[in-house]
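Structure record follows, encoded as structure tokens.
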Amino acid sequence: MATFRGTFDYTLDAKNRLTVPARFRAALAEGVVMAKGTEPCVALWTPEAYDAYTESILSTYNPLSEEADKLQRFFSANSVDTELDSAGRVGFPPFLLEHAGLKKEVVVTGARNRIEVWDRATWADYNEQLIADVKDIRSRLSHAG
């Protein structure tokens, strides 16, 4: 399974396409699942990684439960299968652009099992808070057990 790392500034073209960083393209050569992130971003997954992620979550619920139904709807209705074009680009459907507030200036971040695409200003604010949150997590872990 591919591991995605790094942070890169990119610009969406006039057709709302992103040129995927070259280092990530080989991992996405067999297909891409674009999905709403639980934060205001769009996640790009390999199909296998997305299926493993959703299954790992759904497997913790009774398949007849209301929560399982809601999660299945969220994962299925808020994702789309696509491919890189010959230039290594992916186009964003309007519902994903809207979810993440993506305009022209974006940040592409590695998030271990996926790539996340953020509006550049949103990422700057989020990353500041993330650093503070990680310091808090580290502090709590250093005092545990």
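Note that the sequence shown covers residues 1 to 145 in the numbering used here. Each residue gets a CB set at the ideal place from its N, CA and C atoms; glycine is no exception.
Classify residue i as helix, strand or coil using the three-state DSSP reduction.
i	result
Arg114	coil
Tyr50	helix
Ser79	strand
Leu96	helix
Arg5	coil
Asp13	coil
What whole-angstrom Cβ distance do residue i and residue j have, given they're in contact under 8 Å?
i	j	result
Thr11	Glu105	6 Å
Thr122	Pro40	6 Å
Using the C-alpha atoms, what's the distance from residue j back to residue i?
i	j	result
Ala35	Ser79	4 Å
Asp181	Asp125	For residue 181 there is no data in the structure shown, the boundaries of the chain being 1 and 145.
Ala111	Arg5	6 Å
Arg138	Ile131	11 Å
Pro63	Met1	27 Å
Ser142	Lys135	11 Å
Ile115	Asn127	15 Å
Hey, out of the options, whose CA is closest to residue i's CA?
i	options	result
Phe8	Phe92, Val33 and Val107	Val107
Glu48	Val33, His99 and Trp118	Val33
Ala120	Arg138, Ala132 and Ala100	The displayed chain sequence assigns Arg, not Ala, to residue 120. When each option's Cα is compared against that of Arg120, the closest is Ala100.
Asn113	Leu18, Pro40, Ser139 and Asp51	Asp51
Ala14	Phe92, Arg23 and Tyr53	Phe92
Thr82	Leu44, Trp118 and Arg140	Leu44
Tyr53	Pro40, Phe75 and Ser65	Phe75
Val117	Arg23, Ser56 and Lys103	Lys103
Ala22	Ala87, Thr46, Glu55 and Ile57	Ala87
Apart from the five residues on each side of it in sequence, which residues of its chain come closer than 8 Å, Cβ to Cβ, to residue i?
i	result
Tyr61	Glu67, Ala68 and Leu71
Leu84	Val20, Arg25, Leu28, Ala29, Val32 and Val90
Grab me the residues of residue i's own chain with a C-beta within less than 7 Å of its C-beta, minus the 5 sequence neighbours each way, in chain order.
i	result
Leu96	Met34, Lys36 and Val42
Arg147	Outside the modelled stretch of the chain, which goes from 1 to 145, sits residue 147, for which no answer is possible.
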